[in-house]
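Residue numbers for the sequence shown follow full-length UniProt numbering, so the first one is 333 and each next one is one higher.
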Amino acid sequence: FDAHFGPYYGNGWKQRGVIIVLHDITDIKRLENMRSDFVANVSHELKTPVTSLKGFSETLLSGEVTDEETARSFLQIIHDESERIDRLIRDLLHLSHIENKVSPLNIGEVALVRLTHGITHTLSKAISDKGLEIILPPPAEEVFIEGDQDRLNQILTNLIANAITYTGEGGKIDISIEETPFDVRISVSDTGIGIPAENIPRVFERFYRVDKARSRNSGGTGLGLAIVKHLVESHKGKIELTSVEGEGTTFTVILPISQ
Ligand code: ADP
């Protein structure tokens, strides 16, 4: 609480009492904390790759590295870390665009089955590199929805890319689309590592990762699901998650039929 104390001089009489005004500032405080946590997180996420850019470029500039193979491996690290920073900045800008509602939804008719086929085609190299089996809704049973094609693409790309990342070799990803009279439910299920029950409520937070090292190694920024949640909510939908550690995870996006 934030309390203001002050003397009270009613009707020009001498001081008779004190008025205490209590403001509940819990929400303001929470917002402030969230903001400073966010800045701390962003700084930390940037600091790690920048430290390595600095270190490896300084070593190269010092002329100490004489063999070409080592020099190339250092350059590769510099390149990969620059890409990480690039991805991070792109995701941050994207998130802030969505949060500030900079661009309105570009609503049109979206063919969801075709969309999922297109996305898995784009991700086909990652899928086949891991020998994953992928099950898709049949093209003959197209499901249409009113929505923003690019944003729906982003939602499903993030979920399917995560399913690929967090599923071991030879696993299975099952994408299904179900229509009810009111909404459409798109599920992305995997037979991957799963999410421990205690971590489930936090995975939609920015930068929250169950396993930081695994996420970093796969190029993750920790912002994917925060972006997905915002995009789903901007479509007046919701996202649900069930997961069993060691068995797999299912994300279900529920979208109202008409926007
Ligand atoms: P990241 O870039 O780390 O993948 P996300 O916001 O997309 O960030 O996901 C947050 C965290 O949720 C991940 O780091 C991972 O721990 C967990 N996660 C997301 N999708 C899955 C999944 N399909 N299976 C297991 N864990 C997942």
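Where is the CB? At the ideal position from N, CA and C, for every residue including glycine. Model, not experiment: these values are computed from the prediction.
N-terminal and C-terminal residue of the alpha helix (DSSP H) that residue i is part of
i, result
"residue 590", "Careful: residue 590 lies outside any alpha helix (DSSP H) and carries neither H nor E."
"residue 406", "400-431"
"residue 450", "444-454"
"residue 545", "544-549"
"residue 565", "556-566"
Start and end residues, beta strand (DSSP E) containing residue i
i, result
"residue 370", "Residue 370 -> not in any beta strand (DSSP E); alpha helix (DSSP H) instead, spanning 358-394."
"residue 574", "570-576"
"residue 349", "349-355"
"residue 479", "476-480"
"residue 466", "465-467"
Neighbourhood of residue i by C-beta distance below 6 Å, restricted to the same chain and skipping five residues each side
i, result
"residue 497", "550"
"residue 521", "506 and 582"
"residue 539", "373 and 554"
8 Å Cβ shell around residue i - same chain, five flanking residues per side excluded
i, result
"residue 459", "452, 466, 496 and 505"
"residue 474", "443, 444, 445 and 446"
Which of helix, strand or coil DSSP assigns to residue i
i, result
"residue 517", "strand"
"residue 582", "strand"
"residue 511", "strand"
"residue 506", "strand"
"residue 496", "helix"
"residue 440", "strand"
Neighbour-count burial assignment, residue i, 16 or more Cβ in a 10 Å radius
i, result
"residue 507", "buried"
"residue 422", "exposed"
"residue 407", "exposed"
"residue 483", "buried"
"residue 368", "exposed"
"residue 493", "buried"
"residue 416", "buried"
"residue 383", "exposed"
Beta-carbon contacts of residue i that lie in its chain and below 7 Å, excluding the five residues immediately before and after
i, result
"residue 441", "476 and 478"
"residue 558", "427, 536, 537 and 538"
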